[in-house]
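Protein chains in written order, with the numbering used here: chain A, 1 to 303; chain B, 1 to 303. The structure appears right after this line, and notes come after that.
There are 2 protein chains.
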Amino acid sequence: MKNTILVVGSVALDSVETIHGRTNRGLGGSAVHFSMSASQFAPVRMVGVVGEDFPGSFRRFLKRRNICLEGMEILPGKTFHWKGRYDRDFKNATTIATHLNVFEHFKPKLNCDHTECGVLFLANIDPDLQWEVLKQMGKPRLVACDTMNYWISLKRKSLIRLLSRVNLLFVNEEEARQLTKEHNLIKAARILTGMGPQAIVIKRGDSGSMLFYGGEVLAMPAHPIEKVVDPTGAGDTFAGGFMGYLAASPDWRNINVLKRAMSYGTVMSSFSVEDFSVKRVGRLSKPDMHDRYKKYVKSLSIV
Amino acid sequence: MKNTILVVGSVALDSVETIHGRTNRGLGGSAVHFSMSASQFAPVRMVGVVGEDFPGSFRRFLKRRNICLEGMEILPGKTFHWKGRYDRDFKNATTIATHLNVFEHFKPKLNCDHTECGVLFLANIDPDLQWEVLKQMGKPRLVACDTMNYWISLKRKSLIRLLSRVNLLFVNEEEARQLTKEHNLIKAARILTGMGPQAIVIKRGDSGSMLFYGGEVLAMPAHPIEKVVDPTGAGDTFAGGFMGYLAASPDWRNINVLKRAMSYGTVMSSFSVEDFSVKRVGRLSKPDMHDRYKKYVKSLSIV
């Protein structure tokens, strides 16, 4: 179980409109995007909640990807549904509707297998729930979390308590600034490191990502994509590739391992934006993944 | 003269205010920022115009950096003066005042030595003037140009005529989109390549830069800087490092040479933002430059 990842987060149906089309009630949610990506590298167990309307086809689709759904509870009512639209620049999503439905009452329950997982990813949910999950765990060798502006405003104290106990924090640049009240990302990351996590990953969309670990500051570009169809879930897909690679590695506390994890995260998220929902990652072959990884690494090799 | 760079552009006095302070009538202008950077790599000859108020100390400062000022004309009147302010995020400059002064009547005049230079950089001026300069040249082995939103709107035809005769175009991402009416940068670069230049460099500020050459698409991150003092001239400093490195190379038509040029451009621009005007680049030592270059290259090496 040392290399198995437990992810706790949202499972959703997403209705998304972009300049390249639309999707209606596509498979989404942070735990789903994360798992689809991480399961390319390591076994994944998912804890989440869906309603009675959650399609059996989605359930089978996830299982085929070697994602254990024993922790995916079904509650009376409907599945979390998000409806949004992206502008031409894909920078900001306009939320048309958010129906939390059964997700409003989500109380993650872990079974024995869950608590023995070596790697834990706490996707973006209420930091009090993230804390509850963490307390139920055995002795995971690596704990990472994500969060969002909403929790930074409303549950700052709970979030700071959580940060004191995680190894790795994923945030986007606005969240890093909001959490630290510091605009410069190097300074912000230093403040975040002081809150607990040994490593900080700042996600910057098509501007790439930054890693801060042991005094090292590393900026990496996004993999350029000619046709961005839907950026929903790109951040969770990034985290999935990153954490998946770390879970499969004997020791994550190594800058070269972390750089490869950044690269796999980048590559996985570049696939995810090429189609709606988890379609592109769903049909991704291992050779395609490794080919793009090699291309990305080669492009950054300056000889 | 094969490795000597001729640059034609503005020489200015800049009064800039940022969150880290202000400078009054500091040395600036596209030709100056470019030359200060390029002269780290190759001999530079500058063609520009200043007024009678242009300080002798600035002239001596430039000459000490091995920048030939024979082509820097002095006209009756005052030097181009730009006054601006940056917000905390340094993304957009607010212009408080632009006094073109003698620059309004700038007609670049080349002497025999100028026309024999092997490398030409047409910094951001009226594309009709850029064209006039190009016509006066002998047979340069490499011609590059920059431009801006103002000329794209007002002198589109002149600019397109110019592009048909340059090897390399530097633009920022907004300019690339404005010029091509295409949002995606890979597609935009393909359209730009169709207009003439064999290589396109898209500058993206703290999001890094992109190079398009011979079907290759390369994204590179900015070098992260902890204290950005003044971003004025960072783009010209980038172009200076890039062109300087190419001028010193026997053959620029090689992807590895171009990648090193991108890296030197990135590194030079990272220095330029650390102080007002050309102060940081002015006191930059070759070992400091090469150290940061090596650090940057190493950070991107994924092993």
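Quick reminder that beta carbons are idealized off the backbone N, C-alpha and C, glycines included. These numbers come from a predicted model, not from an experiment.
To the nearest angstrom, report how far apart N24 (chain B) and L75 (chain B) are at their CA atoms. Reading the second sequence from its first residue, position 24 is the one you call residue 24 (chain B). Reading the second sequence from its first residue, position 75 is the one you call residue 75 (chain B). Whole-angstrom Cα-Cα distance: 22 Å.
Suppose you measure from the CA of S120 (chain B) to the CA of S207 (chain A); what does that come to, to the nearest Å? Residue mapping note: residue 120 (chain B) aligns to position 120 of the second sequence, counting from 1. Residue mapping note: residue 207 (chain A) aligns to position 207 of the first sequence, counting from 1. The question names Ser, but residue 120 (chain B) in the sequence shown is Leu. For L120 (chain B) and S207 (chain A), the distance between alpha carbons rounds to 31 Å.
Supposed contact pair T79 (chain B) and V50 (chain B) - C-beta distance, whole angstroms, cut 8 Å: As a working mapping, residue 50 (chain B) is identified with position 50 in the second sequence. As a working mapping, residue 79 (chain B) is identified with position 79 in the second sequence. So it is a contact: roughly 5 Å between Cβ atoms.
Report the three-state DSSP secondary structure of F212 (chain A) (helix, strand or coil). Along the first sequence, one-based indexing puts residue 212 (chain A) at 212. Reduced to three states, the DSSP call for F212 (chain A) is strand.
A248 (chain A) CB to nearest chain B CB: under 9 Å? Position 248 of the first sequence, counting from 1, holds the residue named residue 248 (chain A). It does not; no Cβ of chain B falls within 9 Å.
With DSSP as the reference, identify every bridge partner of T23 (chain A), one or two as the case may be. On the first sequence, position 23 is the one that residue 23 (chain A) refers to. Bridge partners of T23 (chain A): A:V16.
Partner residues on chain A for K187 (chain B), Cβ-Cβ distance less than 7 Å: Here residue 187 (chain B) corresponds to residue number 187 of the second sequence, with the count starting at 1. Going along chain A in sequence order, the residues near K187 (chain B) (Cβ under 7 Å) are E226.
7 Å CB neighbourhood of T193 (chain A) in its chain, flanking five on each side removed: Translated into positions along the first sequence, residue 193 (chain A) becomes position 193. Closer than 7 Å at the Cβ level, and outside the excluded window around T193 (chain A), lie I200, F212.
Distance cutoff 9 Å, beta carbons only. Does G208 (chain B) sit that close to anything in chain A? Sequence index remark: in the second sequence, residue 208 (chain B) carries index 208 (1-based). Output row for G208 (chain B): interface = yes.
Give the residues of chain B in contact with A222 (chain A), contact being defined as C-beta atoms less than 8 Å apart. As a working mapping, residue 222 (chain A) is identified with position 222 in the first sequence. A219, listed in chain order.
Assign R22 (chain A) to one of two classes, buried (16 or more other C-beta atoms within 10 Å of its C-beta) or exposed (fewer than that). Within the first sequence, numbered from 1, the residue matching residue 22 (chain A) stands at position 22. The residue in question, R22 (chain A), is exposed, as its Cβ has fewer than 16 Cβ neighbours within 10 Å.
Could you compute how far the alpha carbon of K83 (chain B) sits from the alpha carbon of H105 (chain A)? Within the second sequence, numbered from 1, the residue matching residue 83 (chain B) stands at position 83. Within the first sequence, numbered from 1, the residue matching residue 105 (chain A) stands at position 105. The alpha-carbon atoms of K83 (chain B) and H105 (chain A) are separated by roughly 56 Å.
Going by beta-carbon coordinates alone, are V44 (chain B) and A12 (chain B) separated by less than 9 Å? As a first step, residue 44 (chain B) must be located in the second sequence, where it is residue number 44. As a first step, residue 12 (chain B) must be located in the second sequence, where it is residue number 12. No. Outside cutoff.
N92 (chain B): buried (16+ other C-beta within 10 angstroms of its C-beta) or exposed? Here residue 92 (chain B) is taken as the residue at index 92 of the second sequence, counted from 1. Classification of N92 (chain B): exposed, given that the 10 Å Cβ count is below 16.
Measuring only the C-alpha atoms, how far is L142 (chain B) from I302 (chain B)? As a working mapping, residue 142 (chain B) is identified with position 142 in the second sequence. As a working mapping, residue 302 (chain B) is identified with position 302 in the second sequence. L142 (chain B) and I302 (chain B): Cα-Cα distance of roughly 32 Å.
What residue range is occupied by the uninterrupted beta strand (DSSP E) comprising L304 (chain A)? There is no way to answer for residue 304 (chain A), as the model of chain A reaches only from 1 to 303.
Does the region 158-169 of chain B come within contact of the region 277-289 of chain B, defined as at least 3 CB pairs closer than 8 Å? no
Specify the secondary structure class of C117 (chain B) as computed by DSSP and reduced to three states. As a working mapping, residue 117 (chain B) is identified with position 117 in the second sequence. Of the three classes helix, strand and coil, the one that applies to C117 (chain B) here is coil, per DSSP.
Is it true that the region 261-272 of chain B meets the region 232-247 of chain B, where meeting means three or more beta-carbon pairs spaced less than 8 Å apart? yes
Assess, as a yes-or-no matter, whether the region 32-42 of chain B is touched by the region 227-242 of chain B under the definition of 3 or more beta carbon pairs within less than 8 Å. yes
In this structure, what does DSSP give as the bridge partners for A219 (chain A)? Stepping through the first sequence from its first residue, residue 219 (chain A) is reached at position 219. In the DSSP output, where bridge partners are listed per residue, A219 (chain A) has A:M210.
Give the residues from the region 86-101 of chain A that approach chain B closer than 7 Å (Cβ to any Cβ), ordered along the chain. R88, D89
Shortest alpha-carbon distance to A188 (chain B) belongs to which of A:F170, A:P224, A:E216? Within the second sequence, residue 188 (chain B) is the residue found at index 188, counting from 1. Of the candidates A:F170, A:P224, A:E216, the one whose C-alpha sits nearest the C-alpha of A188 (chain B) is A:P224.
Using a Cβ cut-off of 9 Å (strictly closer), state whether H290 (chain A) contacts chain B. Here residue 290 (chain A) refers to the residue found at position 290 of the first sequence. Closer than 9 Å: no.
Is there a Cβ of chain A sitting closer than 9 Å to that of L300 (chain B), yes or no? Here the question's residue 300 (chain B) lines up with position 300 in the second sequence. By this cut-off, L300 (chain B) is an interface position.
Verify whether the separation of the beta carbon atoms of G9 (chain B) and D230 (chain B) is less than 9 Å. Walking along the second sequence from the start, residue 9 (chain B) turns up at place 9. Walking along the second sequence from the start, residue 230 (chain B) turns up at place 230. Not in contact: G9 (chain B) and D230 (chain B) (Cβ atoms no closer than 9 Å).
Per DSSP, N172 (chain B) forms a beta bridge with which residues? One-based indexing of the second sequence puts residue 172 (chain B) at position 172. According to DSSP, N172 (chain B) bridges with B:K203.
Within a Cβ cutoff of 6 Å, which residues of the same chain sit near E73 (chain A), ignoring the five residues on either side of it in sequence? The residue given as residue 73 (chain A) occupies position 73 in the first sequence. Within the same chain, E73 (chain A) has close Cβ partners V49.
Taking buried to mean at least 16 other C-beta atoms within 10 Å of its own C-beta, is S249 (chain A) buried or exposed? If you number the first sequence from 1, residue 249 (chain A) lands on position 249. When all chains shown are included, S249 (chain A) counts as buried.
Can you find a CB in chain B that lies within less than 9 Å of the CB of S263 (chain A)? Counting from 1 along the first sequence, the entry for residue 263 (chain A) is found at position 263. For S263 (chain A), the answer is yes, since a Cβ of chain B falls inside 9 Å of its Cβ.
Does the Cβ of A97 (chain B) have 16 or more other Cβ atoms within 10 Å, making it buried, or fewer, making it exposed? For the purposes of this step, residue 97 (chain B) is identified with residue 97 of the second sequence, where counting begins at 1. Under this definition A97 (chain B) is an exposed residue.
Determine the closest residue to T115 (chain B) out of B:K294, B:P140, B:L300, with distance taken between C-alpha atoms. The count along the second sequence starts at 1 and reaches residue 115 (chain B) at position 115. Answer by Cα proximity: B:P140.
Assuming V257 (chain B) contacts M268 (chain B) under a Cβ cut-off of 8 Å, what Cβ separation, rounded to an integer in Å, is found between them? Locating residue 257 (chain B) in the second sequence gives position 257, counting from the first residue. Locating residue 268 (chain B) in the second sequence gives position 268, counting from the first residue. Going by Cβ atoms, the distance from V257 (chain B) to M268 (chain B) rounds to 16 Å, so no, they are not a contact pair.
Any chain B beta carbon closer than 9 Å to R204 (chain A): Locating residue 204 (chain A) in the first sequence gives position 204, where the first residue counts as 1. Output row for R204 (chain A): interface = yes.
Close beta carbons around N66 (chain A), own chain, < 8 Å, minus the five adjacent residues each side: As a first step, residue 66 (chain A) is located in the first sequence; it is residue number 66 there, counting from the start. These residues qualify, in order along the chain: S39, P43, V44.
Tell me which same chain residues have a C-beta within less than 7 Å of the C-beta of M195 (chain B), skipping the five on either side of it? Counting from 1 along the second sequence, the entry for residue 195 (chain B) is found at position 195. Hits under 7 Å: I160, L163, S164.
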